[in-house]
Amino acid sequence: MRQPLIAGNWKMYLDIGKAIKLTESLLAVVEYLEDREVVICPPFTMLYPIGRMVRDKHLKLGGQNLYPAAEGAFTGEISPDMLLDCWCRYVILGHSERRQYFHETDEFINQKVKSALAAGQERRQVNLTPILCVGEREAERSAGNQESVVAAQLSGNLAGLTAEEAGRVVIAYEPVWAIGTGRTATPQDAQAMHGFVRQWLAREYGAGVAENTRILYGGSVKPENVDSLLLQPDIDGALVGGASLKAESFIRIIKYEV
Ligand code: 13P
85 MRQPLIAGNW
95 KMYLDIGKAI
105 KLTESLLAVV
115 EYLEDREVVI
125 CPPFTMLYPI
135 GRMVRDKHLK
145 LGGQNLYPAA
155 EGAFTGEISP
165 DMLLDCWCRY
175 VILGHSERRQ
185 YFHETDEFIN
195 QKVKSALAAG
205 QERRQVNLTP
215 ILCVGEREAE
225 RSAGNQESVV
235 AAQLSGNLAG
245 LTAEEAGRVV
255 IAYEPVWAIG
265 TGRTATPQDA
275 QAMHGFVRQW
285 LAREYGAGVA
295 ENTRILYGGS
305 VKPENVDSLL
315 LQPDIDGALV
325 GGASLKAESF
335 IRIIKYEV
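Listed below in structure tokens is the structure:
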């Protein structure tokens, strides 16, 4: 059985005071939500103080990016081990904002995925699980190309992984036209794409990997639509942007009921 996962991507929002208050509010609730995993992904500068707050708790921490090298002269970048040092157990990779504004290629994202998987294994036997984001743009969907676009991202981003490694990746389907726009995919359209991703995984890595991989939906997830999205058989959780920044809305989302 796939354990549902709800992740909050804080992007470049909040200050440290608000972040700590939000984390305190979440800690009080998440402890009682044992059947699901909840992850928060703050900006890098907040990872250490928030990591100290959550390190022994059910609430988990994730980074929003990494650089695929153990160390080196890479001014401004953060390594997988630096994330592990801050108690991160997840890392968002290949987000559409990074693909668009920072020109990240499928090949570069592939290096990041491999680097996260390797770091997690080498170090203290803890995992640094990639949350790999894929999704089509509006024009690609209008042209009916959403499946080929997502398949190309998956094959580029997961290239060279063994089935065991692929099985340790969480996929987030985030249609670009639904991010920050208030336009959520309908549960039926989202389910169709999640089903497609799972079939793709089955073809590439076998039925076991496909059956166990968590596929999250992202793009204008809100308290009003989370229940109907998570009711779909192939939607195993959510990657939430704007609505993860306020305790009230995010708590309602993590308490989703199907
Ligand atoms: P919104 O929930 O604000 O649409 O953002 C989604 C997202 O990009 C999560 O990674």
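Throughout the sequence shown, residue numbering follows the numbering used here, covering 85 to 342 in sequence. Where a beta carbon is used, it is the ideal one built from N, C-alpha and C, also for glycine.
Any non-hydrogen atom of ligand 1 closer than 6 Å to residue i Cβ
i: GLY204; result: no
i: ILE263; result: yes
i: VAL324; result: yes
i: SER232; result: no
i: TYR135; result: At residue 135 the sequence reads Gly, which differs from the Tyr that was named. Result no, Cβ not under 6 Å from ligand 1.
i: ASN39; result: Past the boundaries of the shown model lies residue 39; the chain is included only from 85 to 342, so the question cannot be answered.
i: GLY290; result: no
i: GLY303; result: yes
Under 7 Å between C-beta atoms of residue i and residue j
i: ALA327; j: TYR301; result: no
i: VAL305; j: TYR340; result: no
i: ALA269; j: ALA262; result: yes
i: LEU212; j: VAL175; result: yes
i: ALA236; j: VAL293; result: no
i: CYS172; j: TYR132; result: no
i: ARG298; j: ARG86; result: yes
i: PRO307; j: ILE335; result: no
i: ILE193; j: LEU168; result: no
i: GLY219; j: PRO271; result: no
Those residues which DSSP pairs with residue i across a bridge
i: ILE215; result: ILE176 and VAL254
i: LEU145; result: ILE124 and CYS172
i: ILE90; result: VAL122 and ALA322
Closer than 6 Å: residue i CB and nearest ligand 2 heavy atom
i: CYS170; result: This structure does not include ligand 2; its bound ligands are ligand 1.
The region 119-136 touching the region 150-158, judged by at least three CB pairs closer than 8 Å: The region 119-136 is not in contact with the region 150-158.
Whole runs of the alpha helix (DSSP H) within the region 281-334, excluding any shorter than 4 residues: List check, alpha helix (DSSP H) in window: 291-296 and 310-314.
Secondary structure, alpha helix (DSSP H): runs of 4+ residues fully inside the region 215-244: DSSP runs (the alpha helix (DSSP H)) wholly in the region 215-244: 222-226 and 230-241.
Segment contact, 8 Å Cβ cut-off, at least three pairs: the region 213-221 with the region 182-201: Short answer: they touch.
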